[in-house]
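Numbering (mature numbering (1 follows the signal peptide of the UniProt record, and there is no 0)), first residue to last: -27 to -1, 1 to 268.
No residue lacks a Cβ here, since even glycine has one placed at the ideal position from N, Cα and C.
Since the structure comes first, as structure tokens, the remarks are kept for the end.
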Amino acid sequence: MGRASEMAAAVLLVAMVLGACSQVSNALVCTKEFKEKGCNKTVSELFNAEMFEAMFKHRNDKAAHAQGFWSYDGFIAAAKMFEKDGFGMVGGEDVQKRELSAFFAHVAHETSCGWSGAKDGPTAWGLCYNQELAPEKDYCKTGDLMYPCAPGAGYYGRGAFPLYWNYNYGPTGVALKQDLLHHPEILSQNETIAWQAAVWYWMTPAKTRPSPHEIMIGKWVPTKNDTLAYRKPGFGMTINVKASDVECGHGEDPRMQSRISHYLTFLRDTFQLDDPGSNLDCGLQGVIPLAYASM
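Dropping the structure here:
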């Protein structure tokens, strides 16, 4: 063997050793600090198309009002946009599964056309809608100088997390670089943007509330006022964030229970996880003081 060949072999050996060390080091880091890159599966690795189909098996039935609109690929395209922010990507598999189950529980509840006697149960009918069918008003808050209503626009519920009011369409559009204030219909015409709007809301805290993402990954720490109001980390707090003014703080509520049922069903049946965490409801929680009405 010539000197050049010996040097090439030595370089290859060093590269192999360094690669092996890197893999071992990465594995050790992942067991100690879940936020490091490479520690968790991506959303598409953890949640595949078959799981999506099982979760939303009736979305294209004749009874559904948004046949052909919602798809796995559209969701994954939106999820990838927020991977860098950690959507469904942190905490290890159990935490990831809880976060995705919680996200889809709210989506399914908000877009369901199921009922108690529906085929496969009421939790199997999510993504039946992509917009409110008979809005009673245009949901325009007059006098909003930052996000004034566009002439002729209606800001009624559209999307995977139905968006309401001009003051919600405005900042969502800015975040997604879409003119939702003048063209709110985009959320019922473009599936990927509809998913993006839902994930953006999920990931974004506001002045008066944490983001659902922060709650489900254990990042949110209750303040003294939160503790006094019985607001604790868990799925129930995400309900308080999403629908505090109508579903929380007054004991049992069928809408709150519907969200919980979706969460438990998706976690158990889709993600094969039996531990949903604690504090699942918001019945005794003080409602979050919101600057405006619910989304």
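Straight-line gap, residue i to residue j (C-alpha atoms, nearest Å)
i           : j      : result
Asp254      : Asn13  : 28 Å
residue 343 : Ala51  : No answer is possible for residue 343: the residues shown for the chain start at -27 and end at 268.
Lys205      : Pro195 : 7 Å
Leu246      : Leu19  : 13 Å
Asn213      : Ile261 : 7 Å
Glu164      : Gly224 : 36 Å
Ser231      : His82  : 7 Å
Glu9        : Ala202 : Any reading at Glu9 needs caution, since the residue's pLDDT is 47, under 50, leaving its predicted position unreliable; the model's value is listed next. For Glu9 and Ala202, the distance between alpha carbons rounds to 34 Å.
Met210      : Lys92  : 30 Å
Ser267      : Pro95  : Its pLDDT being 46, under 50, Ser267 is placed unreliably by the model, and the measurement read from it follows with that caveat. Cα to Cα, the separation comes out at about 24 Å.
Arg182      : Cys113 : 23 Å
Phe7        : His79  : Reliability fails at Phe7, whose pLDDT of 45 lies under 50, so the model's placement of it is uncertain and the value that follows must be treated cautiously. About 26 Å.
Phe42       : Tyr102 : 9 Å
Asp34       : Leu118 : 43 Å
Ala126      : Leu73  : 32 Å
Trp173      : Phe55  : 8 Å
Phe60       : Asn252 : 21 Å
Gln162      : Pro185 : 26 Å
Gly90       : Trp193 : 38 Å
Lys5        : Lys180 : Unreliable placement is indicated for Lys5, whose pLDDT of 40 sits below 50; the coordinate value is still reported in the next sentence. Those two C-alpha atoms are separated by around 32 Å.
Trp69       : Arg32  : It is worth fixing the name first, because residue 69 is Gln in this sequence and not Trp. Their Cα atoms are separated by approximately 24 Å.
Phe77       : Lys197 : 30 Å
Pro108      : Asp226 : 23 Å
Thr243      : Cys122 : 41 Å
Met189      : Ala97  : 23 Å
Asp152      : Tyr129 : 16 Å
Tyr120      : Ala75  : 30 Å
Gly65       : Asp248 : 14 Å
Residue burial classification, residue i (beta-carbon count within 10 angstroms, cutoff 16)
i           : result
Val158      : With the sequence shown as reference, residue 158 is identified as Glu, and Val is not the correct amino acid for it. That one is exposed.
residue 273 : Only positions -27 to 268 of the chain appear in the structure, and residue 273 is not among them; the question remains open.
Asp67       : exposed
Trp138      : buried
Gly143      : buried
Ala171      : buried
Gln258      : buried
residue 281 : Only positions -27 to 268 of the chain appear in this structure, which leaves residue 281 out of reach.
Gln169      : buried
Leu240      : buried
His235      : buried
Gln40       : exposed
Pro124      : exposed
Leu106      : exposed
Ala36       : exposed
Of the residues the options, the one placed nearest residue i, counting alpha carbons only
i      : options                        : result
Glu187 : Leu201, Arg71, Leu257          : Arg71
Trp88  : Ser251, Trp175, Arg228         : Arg228
Asp58  : Met176, Lys114, Asp247         : Met176
Gly250 : Tyr140, Gly99, Ile233, Phe42   : Ile233
Asp111 : Leu154, Arg182, Tyr203         : Leu154
Thr115 : Gln104, Gly132, Tyr140         : Tyr140
Val16  : Lys35, Val63, Asp34            : Val63
Leu237 : Asp218, Ser217, Gly125, Phe208 : Phe208
Ser85  : Gly132, Tyr45, Met24           : Gly132
Tyr45  : His38, Ala167, Asp226, Gly256  : Ala167
Gly256 : Phe76, Lys180, Glu220          : Glu220
Phe48  : Met24, Ala36, Ala37            : Met24
Pro135 : His38, Gly65, Met189, Gln104   : Gln104
Gly99  : His156, Gly65, His38           : His38
- Inspect the CB distances between the segment 144 to 152 and the segment 28 to 35 and report whether three or more fall short of 8 Å. The segment 144 to 152, when compared against the segment 28 to 35, does not touch it at the 8 Å Cβ threshold.
- Runs of alpha helix (DSSP H) wholly within the segment 196 to 229 (minimum 4 residues, chain order): With a minimum length of 4 residues, the continuous alpha helix (DSSP H) runs that stay inside the segment 196 to 229 are 197 to 201, 208 to 220.
- Query: Which whole runs of the alpha helix (DSSP H) in the segment 125 to 188 are 4 residues long or more, in chain order?
  - Reply: Correct list: 139 to 149, 164 to 176.
- Message: Threshold first: 4 residues or longer. Then list the alpha helix (DSSP H) segments lying entirely within the segment 31 to 77, N to C.
- Response: Complete alpha helix (DSSP H) runs here, min 4: 45 to 54.
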